[in-house]
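Engineer: Input: one structure, supplied below.
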Amino acid sequence: MDQGFPDWTELGQDSGLDPLGMQRPIEAIYQSLIPGISTITLRYRYYSFFPLILRHYEKNIRNADPAAFRAFQRRCEALYALICTYGDRELGVTGSDWAADILADVAAREGENGSVDFRQAADPGADEELRYLKNKGGAFGAIYSTQMREMGLLHFPGKGDPNPNPVCSTLALEVAEALEQELGDSARRFFAAVDEGQISLSSLASLDAMKPSRLRPGSQEHTLLSNVLLGKASEPSAVDLMRRSTLLMLLDTVDTLGSLPAADVVKWHWHDAEASSSPAHLNGAPALWSLYQACDLTRLAYESILSAALTILAAAPGRRLSLTTLVQQLTEHAEAPDQQTWQEFSESVRRESQPMKACAAAMLSAVGKGEPEEQVKHAVRLLAFLCEEARASAAVAEQALSGADYFQSLRTEAQYLETKANRPARDAVADLISERVLKRHLWVASRKFRNQKAYTFHMEPEDGVLRYRSDFQVSPSSPRIDQALRFLRDASLVDEQGLTAHGRAALVAA
């Protein structure tokens with residue numbers, strides 16, 4: 125990383141999915157709010173399945189060679205995919221597409237008396253197209269291990285440790301023992317099949333109790349996993365407490381709405397609830413979730429303006445316009461008057477315009493319809509709301525968004541527009557479009573090209589003009605709320621009707 129400049133290393137950023145470089149502060153907020161759950165950790169029972177196989181490896185194999193551990197782990201994962209796909213197929217299980225294909229092939233060739241040899245599919249050295257998962261680290265290495273460490277279930281080896289493989293924490297050993305007791309002889313038969321590298325279809329059916337949906341409410345395994353998820357350790361860490369706060373908020377929201385809400389509904393529910401409350405806990409989860417939503421809306425407003433610019437460029441003669449002409453056209457769409465200052469215009473928008481939520485919805489609707497005039501108009505009005513919100517939440521924003529200013533965020537953009545408060549609104553908007561959106565995209569894309577050799581320009585400078593190159597999708601970020609709801613559902617704390625008895629008990633006990 126060059127001193128003073130961002131190092132674009134986030135997954136997907138080199139593909140142009142973050143054209144203004146505004147995702148990192150947003151991700152930092154929501155990652156801190158639901159630690160231990162990511163956008164790709166899809167089923168919660170993996171958090172007891174992996175301790176089970178780690179405990180077995182530590183007790184019975186004890187080979188410190190990482191290659192030996194990986195071979196064992198991948199066989200376990202491949203067999204688990206077969207178990208979860210046979211019969212009633214489970215969703216969110218790594219390798220299930222491979223498992224479905226091979227099970228269909230075996231059934232067609234051999235019938236229900238057939239068997240599956242999964243040794244080659246589990247071999248990390250096999251050709252990619254033959255593996256159950258192309259990533260050699262498997263689901264454990266690529267997806268779950270770091271999140272399980274955040275939940276206090278794993279210890280990673282230190283430098284020079286004689287055992288370079290991850291090991292279970294004391295808590296994870298309890299979870300593993302509880303699952304083993306729950307499975308009974310099925311656990312022994314599972315590991316015997318792992319050793320052999322093949323299994324009959326009838327034996328797969330007999331291991332049905334291992335499926336994610338078969339986590340039995342009220343069992344010791346269920347109790348331990350629920351406590352881990354809700355951060356109810358005997359000495360909870362700050363990470364546990366933050367996850368607990370978020371998940372209790374989510375349980376309360378499910379209870380209020382009486383159903384499993386979409387992530388966007390949850391985000392607005394939390395944002396509006398915090399906006400109407402007293403600022404008693406500026407560093408707590410409610411304030412941070414409200415800040416997250418405001419930051420994401422700021423990004424969406426800017427990306428909507430950039431998207432409108434690309435639409436205009438694409439329709440221009442030769443798909444080219446000068447920067448000055450493009451800024452002028454976008455500024456016209458903003459409908460910001462000359463006779464009002466930015467501050468006066470912002471106040472009039474907040475006083476007379478539609479509510480903030482409706483403004484954001486109208487902006488995204490215009491993006492979907494490809495209406496640049498409406499995109500820019502609603503984006504600028506949304507920014508007027510967000511600047512006021514930034515002033516109201518200045519303390520929490522200053523602490524949560526105190527990183528270097530080369531990452532644009534609600535804080536930096538509110539500060540920028542504050543410097544334009546007494547400028548004519550039209551001029552302030554023109555400056556913002558030119559400096560904070562169009563030139564910003566060119567700078568971000570040039571940094572990615574310089575540092576990563578990734579060409580992510582959606583428009584590019586050419587002989588004194590800007591040339592259209594490609595479009596991109598403007599969409600709200602995904603802050604792990606759907607995955608958290610999936611985990612709560614796996615733990616029988618919520619269902620389609622809202623809170624379960626276990627979920628209500630957890631909420632009351634809080």
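If you use the numbering used here, the sequence shown corresponds to residues 125 to 634, in order. Cβ coordinates follow ideal geometry from the N, Cα and C atoms, glycine included. All values reported here derive from a predicted model rather than from experimental measurement.
Would you kindly check if the distance between the Cβ of residue 374 and the Cβ of residue 390 is under 8 angstroms?
Structural biologist: Cβ distance < 8 angstroms, so residue 390 and residue 374 count as in contact.
Engineer: Give the DSSP bridge partners of residue 445, in chain order.
Structural biologist: 590, per the DSSP bridge assignment.
Engineer: Evaluate contact between the region 610-620 and the region 165-182, counting only Cβ atoms and requiring at least three cross-stretch pairs below 8 angstroms.
Structural biologist: The answer is yes - the region 165-182 touches the region 610-620, with three or more Cβ pairs under 8 angstroms.
Engineer: With a threshold of 16 other CB atoms inside 10 Å of the CB of residue 299, please say whether the residue is buried or exposed.
Structural biologist: The residue in question, residue 299, is buried, as its Cβ has 16 or more Cβ neighbours within 10 Å.
Engineer: Using the DSSP secondary-structure output, state which residues sit across from residue 623 in a beta bridge.
Structural biologist: Beta-bridge pairing links residue 623 to 618.
Engineer: Does DSSP put residue 279 in a helix, a strand or coil?
Structural biologist: Correct three-state label for residue 279: strand.
Engineer: What's the gap between the Cα of residue 176 and the Cα of residue 152?
Structural biologist: Residue 176 and residue 152: Cα-Cα distance of roughly 31 angstroms.
Engineer: Jot down the residue ranges of each uninterrupted beta strand (DSSP E) in the region 278-360, minimum 3 residues, whole runs only, in chain order.
Structural biologist: Segments of the beta strand (DSSP E) lying fully in the region 278-360: 322-324.
Engineer: Can the beta-carbon of residue 444 be found less than 8 angstroms from the beta-carbon of residue 590?
Structural biologist: In contact: residue 444 and residue 590 (Cβ atoms closer than 8 angstroms).
Engineer: If we count the other Cβ atoms within 10 Å of its Cβ and call it buried at 16 or more, is residue 355 buried or exposed?
Structural biologist: It is buried - the Cβ of residue 355 has at least 16 other Cβ atoms within 10 Å.
Engineer: Using DSSP bridges, identify the partner residues of residue 583.
Structural biologist: 592.
Engineer: Buried or exposed: residue 161, going by 16 or more other Cβ atoms within 10 Å of its Cβ?
Structural biologist: Label assigned to residue 161: buried.
Engineer: Going by C-alpha to C-alpha distance, which of 493, 573, 421 and 558 sits closest to residue 508?
Structural biologist: Of 493, 573, 421 and 558, the residue nearest in Cα terms is 421.
Engineer: Once the 5 residues before and after residue 491 are set aside, which same chain residues still bring their CB inside 7 angstroms of it?
Structural biologist: These residues qualify, in order along the chain: 428, 431, 499 and 598.
Engineer: Any chance you could list the alpha helix (DSSP H) runs of at least 4 consecutive residues sitting entirely within the region 178-263, in chain order?
Structural biologist: The region 178-263 contains these whole alpha helix (DSSP H) runs: 190-209, 220-234 and 243-246.
Engineer: CA-CA distance, residue 229 and residue 241?
Structural biologist: Straight-line Cα distance between these residues: approximately 12 angstroms.
Engineer: So, at 8 angstroms on beta carbons, what are the nonlocal neighbours of residue 620 in its own chain, with the 5 sequence-adjacent residues on each side left out?
Structural biologist: So the qualifying residues of the chain are 383 and 384.
Engineer: Going by other Cβ atoms of all chains shown within 10 Å of its Cβ, with 16 needed for buried, is residue 572 buried or exposed?
Structural biologist: So residue 572 counts as buried.
Engineer: If you follow the alpha helix (DSSP H) that residue 149 is in, where does it begin and where does it stop?
Structural biologist: That run of the alpha helix (DSSP H) goes 147-157.
Engineer: Rounded to a whole number of angstroms, what is the C-alpha to C-alpha distance between residue 211 and residue 521?
Structural biologist: One C-alpha to the other measures close to 50 angstroms.
Engineer: With DSSP run on the structure shown, which of helix, strand or coil describes residue 479?
Structural biologist: The answer is coil: DSSP assigns residue 479 none of H, G, I, E or B.
Engineer: Below 8 angstroms between beta carbons: does that hold for residue 202 and residue 268?
Structural biologist: Not in contact: residue 202 and residue 268 (Cβ atoms no closer than 8 angstroms).
Engineer: Answer yes or no: do residue 84 and residue 582 have a C-beta to C-beta separation smaller than 8 angstroms?
Structural biologist: Absent from the structure is residue 84, since the part of the chain shown begins at 125 and ends at 634.
Engineer: For residue 175, name the three-state secondary structure that DSSP assigns.
Structural biologist: Here residue 175 sits in helix by DSSP.
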